[in-house]
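First comes the structure, then the notes that go with it.
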Amino acid sequence: MLGSGLVFAQLGCTDPVQEEAILALGPEAPGVAPGPLHRPGQPCLVCHDGATATPLSVGGTIHRLAEERAVAPFVRVSLVDSRGETFEAATNCAGNFFVRPGDYTPEYPMWVTISRGEWQQEMESPVNGDGSCATCHTAEAGPRSAGRVYLLPFEVGDEETGCP
Numbered sequence: 001m002l003g004s005g006l007v008f009a010q011l012g013c014t015d016p017v018q019e020e021a022i023l024a025l026g027p028e029a030p031g032v033a034p035g036p037l038h039r040p041g042q043p044c045l046v047c048h049d050g051a052t053a054t055p056l057s058v059g060g061t062i063h064r065l066a067e068e069r070a071v072a073p074f075v076r077v078s079l080v081d082s083r084g085e086t087f088e089a090a091t092n093c094a095g096n097f098f099v100r101p102g103d104y105t106p107e108y109p110m111w112v113t114i115s116r117g118e119w120q121q122e123m124e125s126p127v128n129g130d131g132s133c134a135t136c137h138t139a140e141a142g143p144r145s146a147g148r149v150y151l152l153p154f155e156v157g158d159e160e161t162g163c164p
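Under UniProt numbering, residues 1 to 164 are what the sequence shown spells out, in order.
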């Protein structure tokens, strides 16, 4: 019991629900420092709500396939909110994209389209209040999740096969 209390104290968070959610994410991947390349496929806004890490308004990971490790670099993510305001972001080499509140803060619902070259995929339903894609798009598809966000398989060039 004392051990978990020490971990909570180290997080510097005062919200026990958020602390539990952060702990449930598990440790960082070995060799990947916190930053734009870390934690692909995890719900970004669990930490990036401004209380524990740099605030984000929207963030997620796009995959080439439904499998976790097949991330999709250089995918365009187009967002349109209920006011008709638009924003475009692009995934990095880890498949992650993120939007800072000063650049774009959507008013929900928000519609999302992802594309790369000739491939384009529109989300069938709007996002209704959580800018963290992995909150709904978990690793496993089921009654509460459509599964991971992925763009149909495409060829990845040699320059895109790894992150620094």
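For glycine and all other residues, C-beta sits at the position ideal for the given N, C-alpha and C.
Outcome for G142 when other beta-carbon atoms lying within 10 angstroms are tallied against a minimum of 16: The residue is exposed, with fewer than 16 neighbouring Cβ atoms inside 10 Å.
Burial state of G5 (16 or more Cβ within 10 Å): Model confidence at G5 stands at a pLDDT of 43, short of 50, so the residue's coordinates are unreliable; what they give is reported in the following sentence. Exposed: under 16 other Cβ atoms inside 10 Å.
Three-way DSSP call (helix, strand, coil) for A90 in this model: In the structure shown, A90 adopts extended strand secondary structure according to DSSP, grouped into three states.
Which of helix, strand or coil DSSP assigns to A9: Below a pLDDT of 50, predicted positions are generally treated as unreliable, and A9, at 42, falls in that range; the measurement from the model is reported next regardless. Looking at A9 - three-state DSSP - the assignment turns out to be helix.
For L79, the first and last residue of its enclosing beta strand (DSSP E): Taken as a continuous stretch (DSSP letters only), the beta strand (DSSP E) holding L79 covers R76 to D81.
Buried or exposed by the 16-neighbour rule on C-beta atoms within 10 Å, applied to N92: Result: buried.
Cα-Cα separation between T61 and A70, rounded to whole angstroms: Straight-line measurement puts the Cα of A70 at about 11 Å from the Cα of T61.
Whether L45 touches G131 by CB criterion (8 Å): Yes, the pair counts as a contact, with Cβ atoms nearer than the cut-off.
Collapsed DSSP secondary structure at I22 in the structure displayed: In the structure shown, I22 sits in a helix (DSSP, three-state: H, G or I).
Beta-bridge partners of T138, as assigned by DSSP: In the DSSP output, where bridge partners are listed per residue, T138 has none listed.
For V149, three-class secondary structure by DSSP: Taken through DSSP and simplified to helix, strand or coil, V149 comes out as coil.
Beta strand (DSSP E) segment containing T113, residue limits: Run containing T113: M110 to R116, per the beta strand (DSSP E) assignment.
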